[in-house]
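Residue numbers (the working numbering): 1019 to 1162. Reading through the structure tokens given below for one structure.
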């Protein structure tokens, strides 16, 4: 979460030697980090708004007075950046995704030639591992 919020509040500049075709990919990394941390951009915005609401509660506890202003500034900055990337985010075509999923699910799991061949023969490493497991722990009282 801290990484995602840090990327929002202090975005890294796009490297000047980055090919133009890769610029959108680099910009999408912030969006990806936010989604990994919060699930969706909407949840991230909801959390930031909740934190901002908490920050402005009155009276401010004594142990928070020194940091509340700075935290509020950072949260506002992150929320502004989040709103900017949410507006620029690519929308997903749900019907296209459903169609691709149906196509993938309709394909056979493995080619018929591989399925007819049966399971692969065990290798020497597999056999050595199986023998080591059958022999039990190397030291008494130690489980694997």
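No residue lacks a Cβ here, since even glycine has one placed at the ideal position from N, Cα and C. In this text the structure is predicted, and so the values were computed from the model without any measurement.
Item                                                                                                                                                                                          : Value
Measure the beta-carbon distance from residue 1025 to residue 1051 and round it to whole angstroms, keeping in mind my assumption that it falls under 8 Å.                                    : 5 Å
Under three-state DSSP, which class holds residue 1032?                                                                                                                                       : coil
Please work out which residues of its chain come closer than 7 Å, Cβ to Cβ, to residue 1092, disregarding the five sequence neighbours upstream and downstream, and give them in chain order. : 1027
Where does residue 1043 sit, in a helix, a strand or coil, going by DSSP?                                                                                                                     : helix
Report yes if the CB atom of residue 1032 is closer than 8 Å to the CB atom of residue 1039, and no otherwise.                                                                                : no
Go ahead and pull the three-state DSSP assignment for residue 1019.                                                                                                                           : coil
If you follow the alpha helix (DSSP H) that residue 1120 is in, where does it begin and where does it stop?                                                                                   : 1112-1124
Can you tell me which of the three DSSP states residue 1098 falls into?                                                                                                                       : helix
Just tell me which of 1078, 1104, 1076, 1021 has its CA closest to the CA of residue 1064.                                                                                                    : 1104
Go through its chain and collect everything with a Cβ distance to residue 1021's Cβ below 8 Å, but skip five positions before and after it.                                                   : 1051, 1055
Measuring straight from C-alpha to C-alpha, what distance separates residue 1071 and residue 1046?                                                                                            : 28 Å
So, are the CB atoms of residue 1037 and residue 1099 less than 8 Å apart?                                                                                                                    : no
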